[in-house]
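Everything on this sheet refers to the single structure shown next.
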Amino acid sequence: MSGKKERKLKIVDHRHCKVCGKAIPPGQEFCSERCRKIYEEAQRREKRMKNIFLLIYAVIFIVLFLLLASRAGIH
Ligand SMILES: [Zn+2]
């Protein structure tokens, strides 16, 4: 036993399609090209949503900061 490769216990000898849940051979993530595209599209959308969320978060933070700064500026 001199393998440096990470070996995680795998009980299952098959996987399930991430999109439709169909059983697929090990080493694959999707049952078909169509499912892969659907998944990629969903991920792209998720990434976009995360970016929008981050942007909103940043704007709120800046607005809050400006508000606090303007309040603190009044002497
Ligand atoms: Zn599928």
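Numbered as in this note's numbering, the sequence shown ends at 75 without a single skipped number. Note that CB positions come from ideal geometry on N, CA and C, so glycine has one too. All values derive from a computational prediction rather than experimental measurement.
Could you please give the first and the last residue of the uninterrupted alpha helix (DSSP H) stretch that includes residue i?
i, result
"E29", "Where E29 is concerned, there is no enclosing alpha helix (DSSP H), given that its DSSP letter is neither H nor E."
Count the other C-beta atoms from every protein chain shown that fall within 10 angstroms of the C-beta of residue i, then say buried if there are 16 or more, exposed otherwise.
i, result
"F65", "exposed"
Identify, in the order they occur along the chain, each residue of the same chain with its Cβ nearer than 6 Å to the Cβ of residue i, setting aside the five sequence neighbours on each side.
i, result
"I24", "R15, C17, C31"
"E33", "none"
Assuming residue i contacts residue j (C-beta within less than 8 Å), just tell me the rounded distance between them.
i, j, result
"V19", "I38", "5 Å"
Here's a check: name, in chain order, each residue in its chain whose Cβ is nearer than 7 Å to the Cβ of residue i, leaving out the five neighbours to either side.
i, result
"Q28", "R15"
Quiz prompt | For ligand 1, residues whose Cβ lies under 6 Å from any non-hydrogen atom | solution = C17, V19, C20, K22, F30, C31, S32, C35
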